[in-house]
Amino acid sequence: MITQELIDPRSIVVVGGSNDIHKPGGKVIKNLIDGKYKGNLYVINPKEEEVQGIKSYNDPKDLPETDLAIMAIAAKYIPNTVDFLTQNKNTKAFIVLSAGFSEESAEGKALEDKMVASINKVNGSLIGPNCVGVLTPHYHGVFTEPVPKLDKNGCDFISGSGATACFIMEAGIPKGLTFNNVYSVGNSAQMGVEEVLQYMDENFDPEKDSRVKLLYMEKIDKPDLLLKHASSLIQKGCRIAAVKAGTSEAGSRAASSHTGALANSDAAVDALFRKAGIVRCYGREDLISVASVFMHPPLHGKNIAIITHAGGPAVMLTDRLSQEGLSVPALSGKKIEDLKTRLFPGSSVANPIDFLATGTAEQLGDIIDTVNELDEVDAMVVVFGTPGLFKVFDVYDLLDEKMKTSKKPIFPVLPSGTTAHEETRAFAEQRVFFPDEVTLGTALGRVHNTPAPATDEELPVIDTKALRTLVDTAENGYLPPKKVVQLLDIAGISRVEEFVTDDPATLEEIIEKTGFPVVMKVVGPVHKTDVGGVTINITDFEKLRSEMDRMMQIKDATAIMIQPMLKGNEFFAGVKKEPPFGHLILFGLGGVYIEVLKDVRTTLAPLNRETAENELRKLKSYKIIEGVRGSSGLNEKAFIDILLNLSALLKTVPEIEEMDLNPIMAFKDKVVAVDARIRIAK
0 MITQELIDPR SIVVVGGSND IHKPGGKVIK NLIDGKYKGN LYVINPKEEE VQGIKSYNDP
60 KDLPETDLAI MAIAAKYIPN TVDFLTQNKN TKAFIVLSAG FSEESAEGKA LEDKMVASIN
120 KVNGSLIGPN CVGVLTPHYH GVFTEPVPKL DKNGCDFISG SGATACFIME AGIPKGLTFN
180 NVYSVGNSAQ MGVEEVLQYM DENFDPEKDS RVKLLYMEKI DKPDLLLKHA SSLIQKGCRI
240 AAVKAGTSEA GSRAASSHTG ALANSDAAVD ALFRKAGIVR CYGREDLISV ASVFMHPPLH
300 GKNIAIITHA GGPAVMLTDR LSQEGLSVPA LSGKKIEDLK TRLFPGSSVA NPIDFLATGT
360 AEQLGDIIDT VNELDEVDAM VVVFGTPGLF KVFDVYDLLD EKMKTSKKPI FPVLPSGTTA
420 HEETRAFAEQ RVFFPDEVTL GTALGRVHNT PAPATDEELP VIDTKALRTL VDTAENGYLP
480 PKKVVQLLDI AGISRVEEFV TDDPATLEEI IEKTGFPVVM KVVGPVHKTD VGGVTINITD
540 FEKLRSEMDR MMQIKDATAI MIQPMLKGNE FFAGVKKEPP FGHLILFGLG GVYIEVLKDV
600 RTTLAPLNRE TAENELRKLK SYKIIEGVRG SSGLNEKAFI DILLNLSALL KTVPEIEEMD
660 LNPIMAFKDK VVAVDARIRI AK
């Protein structure tokens, strides 16, 4: 839990404070002093009487009661010191800068656990260990640089890596990005990124708190907590961007089903962030760019006007915006024609609006004023650098003034960071800017394409008692075909009629019910196609019997399954449990194309209908779903009903480890599962 003593301490002691500002214990004191900390500041150092002008206590017993302790001593001494301070000095908050804990060894983990136990006993707060500290408007409790000038309208930043936090601030500050609170959580022994975000949500003050939150995470231990509080903050008007590092295809575990092979922790992170409404970023510059977009008014719509005095950047930006699903619409009409008369000959106003290298600040103002009156434009990007022939202070001053009064967001791209470094630096003291137009275009696309947080929706009603009875009596592993059919029927998932037999004498009876043509599949082997266990379009008894004889010789075969032959578009839906995220529901183009084309959307259960509809439309194969070249297309509602029934099924039967519905035959009037595999792990 985060206590008031951590946020706004009345007194701070630096344990291990030093006169050497090149050591953590010395630099943190310097930062506290330079930051004009207003409370009582103490030091514990057995060898010094005074440290940087602050009284030093040789013995902790002599220390007055203290709200917050910042620890900069060797790990082996910290647990006992923490215990003493909690029990004798009423200390309720700790920032442990020191390393040497769980990140290093089992012995370090034991020290960490002992420290956490002492702090928990008094309902205190711990940030760290192995962190760079905390920056708040009340104190600068870090031992690193840079220490930004804090701004209540700046970003709140929570990082799992102290060094990365420093690098992100160092890259963002020269671009005008500002910060409000910065938390480096280190090992997250007691609190991680999720708990700090929880505090920001539960204590959010719309009048005083920043509406921009940035996260850098190398692990997600509590996805439910992150989902809950990120969604809540966004619904309160905040915007959140995050980098989740440490996930890749190489980290995907081997799995026996098609769905399992496609699902991995990185796909789970994507699904979690989309569900929460978090904009996912993939690096420091990416995060800084999205944060910089957040510092501007929200973009409502997708139509962008590009205003520039250099053609090349405009072309590259137009390409990027188009790739991101945004639009650079052609501009025309009386207002645009009138604007052209006020620009130098040769200027273009079609969009991009290019007012040439000789364009003036006055002309830029005219362009911005005109575009503000165009209903077909939702925002502007102004690209303005200099070849160095003259200073551009007047242009940047005008741009700053126009941004204050514009009805539409204006995103400034100032590419001349060296040639116009004085002007750019002056602009950055007032507001954030972008040094590169393509980076801006990518960031705008990330923000535009991130959905709002998903809302809860009542799931379909299914017979939970019957499902529990079926699963409770089943063994671990793949359910036998009979139980698979029962489970699908109880869950309300439409399926093709099928018959399982190991007796050739029953074939005629089965065909009386199905008619020809039929599909025959081997029962037993997991990957039927790989072992030659699927034959389609069987049209006579001779072929039926010969294929049954052949398939029963396949290793692990126990029976054969016969289904009527259906022809339609093949899709699939599947489930994969991905701890700690829960169940992923995947769907896309089916049949043998799953692993070839990998046209798959991954979502986090439970799904609501709106999310399912939006994700379905993001498939590259959506044109097939709509119907193309005379094809009837897919019954979208029926397919989405299957996805929602899967959500209800997973709530009742969380023991489902993997599940494949592949293929699902899609028709205009119905959607039916043709084949299903379900693996249980109790």
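Numbering (numbering that gives the first Met the number 0), first residue to last: 0 to 681. For every residue, glycine included, the Cβ atom is placed at its ideal position computed from N, Cα and C.
Taking each of Q51, D82 and G52 in turn and checking the Cα distance to K120, the smallest one comes out for D82. Within the DSSP bridge table, the entry for I352 names I306 as partners. By the CB criterion at 8 Å, N661 and I593 fall inside the cutoff. Listed in chain order, the non-local C-beta contacts of F515 below 6 Å within the same chain comprise T538, local neighbours out to five positions each way being set aside. Residue state for C237 is assigned as coil, using DSSP reduced to three classes. Spatial neighbours of M402 in its own chain (CB-CB distance under 6 Å, excluding positions within 5 residues in sequence) are listed in chain order as I409.
Here DSSP, grouped into helix, strand and coil, assigns L110 to helix. T85 counts as buried, since no fewer than 16 other beta carbons sit within 10 angstroms of its beta carbon. Closest option to G276, judged by alpha-carbon separation, among I303, V115, A240 and G311: A240.
In terms of Cα proximity to K667, the closest of E654, V673, V348 and G626 is G626. N79 is the residue among N79, I172 and A329 whose C-alpha sits nearest the C-alpha of K113. Per the coordinates, the alpha-carbon of A378 lies some 20 Å from the alpha-carbon of D396. One alpha carbon belongs to G132, the other to I43, and they sit about 18 Å apart. An exposed status is given to A73, since fewer than 16 other beta-carbon atoms sit within 10 Å of its beta-carbon. Taking all protein chains shown into account, H526 has fewer than 16 neighbouring C-beta atoms within 10 Å of its C-beta and is therefore exposed. T90 has no beta-bridge partner at all, per DSSP. Judged by their CB atoms, Y198 and I69 are not nearer to each other than the 8 Å cut-off. In this chain, the alpha helix (DSSP H) harbouring E201 covers V192 to E201. Short of 8 Å from the beta carbon of E507, and not among the five residues preceding or following it, lie these beta carbons of its own chain, in chain order: F540. Under the 8 Å Cβ criterion, the segment 434-448 counts as touching the segment 315-324, having at least three qualifying pairs. The C-beta of L388 has fewer than 16 other C-beta atoms within 10 Å across all chains shown, which makes the residue exposed. DSSP assignment within the segment 455-479 yields no whole beta strand (DSSP E) run of 3 residues or more.
A contact between stretches requires three or more CB pairs, one per stretch, nearer than 8 Å, and the segment 482-491 meets this requirement with the segment 456-464.
Measuring C-alpha to C-alpha distances from V327 to each of V431, E169, F93 and V348 identifies V348 as the nearest. DSSP assignment within the segment 500-539 yields the following whole alpha helix (DSSP H) runs of 4 residues or more, N-terminal first: 506-513. Boundaries for D374: no alpha helix (DSSP H) harbours it, and the DSSP string shows neither H nor E there. Close CB contacts of A473 within its chain, under the 7 Å cut and outside five residues either way in sequence, are with K482 and I679 (chain order).
The alpha-carbon separation between H420 and H308 amounts to approximately 18 Å.
Here M564 is actually not in contact with M547; their C-beta atoms are around 16 Å apart, not less than 8 Å. Comparing C-alpha distances from I172 to each of Q429, L439, K235 and K29 shows the shortest one belongs to Q429.
Comparing alpha carbon positions, the residue from R273, V211, D393 and K597 closest to P297 is V211. Minimum Cα-Cα distance from V268 among the listed residues M190, K243 and A675 corresponds to K243. If you look at A270, you'll find it in the alpha helix (DSSP H) that goes S264 to A275. DSSP assignment within the segment 24-89 yields the following whole beta strand (DSSP E) runs of 3 residues or more, N-terminal first: 39-43, 53-56 and 67-70. Rounded to the nearest angstrom, the gap between the Cα atoms of F166 and H139 is 17 Å. The segment 576-588 makes contact with the segment 216-223, as at least three CB pairs between them are under 8 Å.
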